[in-house]
Structure formats: C-alpha cells, structure tokens
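S.K.: Once you know that position 2 of the sequence shown is 2 in the numbering used here, the rest is easy, because the numbers rise by one and skip nothing.
We put the beta carbon where it would ideally sit given N, CA and C, even for glycine.
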Amino acid sequence: MLRIIAVAVGGSIGATARYLVSVWAAERFGADFPYGTLIVNVVGCFIIGIFMTLTTERFIVNPYWRLLITVGFVGGLTTFSSFSYETFRVLEDSNMIMALYNIGLNLLLGFAATWIGIGVARLI
C-alpha cells in the first residue's frame, strides 16, 4: 500500500506542476505552440536522467523514493499523451512544419536533457 501512496503523492505533485508550467508557458509564449508540454517533457527527461543515475550509481536510497520521483512525479509531470494529441491536432490543421518542429524538439531536447542529467549526476 505504501508503494501506491508514494506513486499517488508524486503523481499529484507532478500533474500539478505540469498544469502550472503549461499555464505559465501559454501566458509567456502564447498558445500557438505547445511550449508547456515541450518544457515539462525536457525537464522530466533531465530529472529522470539525473535522479536514476544518482540513485543507481552513487547513492543508496529507499526504493519508495524511486517510486515517488520517477513513477509518480516524473510520470505525472511528463506528457507524452498530450504531446501526441497536440501534434495530431497541429497535423489536422495542415501545419506539417509545426508538427515536425514539435516532434523534433521533444525528441532531441528530451534525449539531450536525459544525457545531460546523467552527465551531471556522474560529476557529483
């Protein structure tokens, strides 16, 4: 039961953070492009890269922390389903360039953020 609570608490915090980032990004950069989704996906990739590297290579942590952070928080924060839906909607609007831009940025920046997170964790 404690595992489920850890995931639920982390997921609640992650989902709330996703919402707040999306609102902030739309107000700051406009709603023509899903900047909020891009931001949370890249940040989530960085967090999982640094956290999992630290907790598997450097520090011993209680497994509940991994559930809370990676499955719960990062799972609630990142938005692959939103990314997929928003990209599909952009394609429906016949904007192939914007859809490719969204796909490319999420994949490249997400992969880069994971790689940087792993690198930072190994420097610590």
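To the nearest angstrom, how far is the alpha carbon of F59 from that of M52?
M.R.: In the sequence shown, counting from the first residue as 1, residue 59 sits at position 59. In the sequence shown, counting from the first residue as 1, residue 52 sits at position 52. Roughly 10 Å between the two C-alpha positions.
S.K.: Once the 5 residues before and after T55 are set aside, which same chain residues still bring their CB inside 8 Å of it?
M.R.: Along the sequence shown, read from residue 1 onward, the residue named residue 55 stands at position 55. Counting only Cβ-Cβ distances below 8 Å, and skipping sequence neighbours, we find V61, W65 and R66.
S.K.: Compute the distance between the beta-carbons of V40 and V21, then report whether it is under 9 Å.
M.R.: Here residue 40 corresponds to residue number 40 of the sequence shown, with the count starting at 1. Here residue 21 corresponds to residue number 21 of the sequence shown, with the count starting at 1. Going by C-beta atoms, V40 is nearer than 9 Å to V21.
S.K.: What is the rounded straight-line gap between the Cα of F29 and the Cα of M98?
M.R.: The count along the sequence shown starts at 1 and reaches residue 29 at position 29. The count along the sequence shown starts at 1 and reaches residue 98 at position 98. Answer to the nearest angstrom: the Cα atoms are 15 Å apart.
S.K.: Candidates L77, I118 and I124: which alpha carbon is nearest A15's?
M.R.: Translated into the one-based positions of the sequence shown, residue 15 becomes position 15. A15 has its Cα closest to that of L77, out of L77, I118 and I124.
S.K.: Rounded to a whole number of angstroms, what is the C-alpha to C-alpha distance between I4 and G11?
M.R.: Locating residue 4 in the sequence shown gives position 4, where the first residue counts as 1. Locating residue 11 in the sequence shown gives position 11, where the first residue counts as 1. Each residue's Cα considered, the two are about 10 Å apart.
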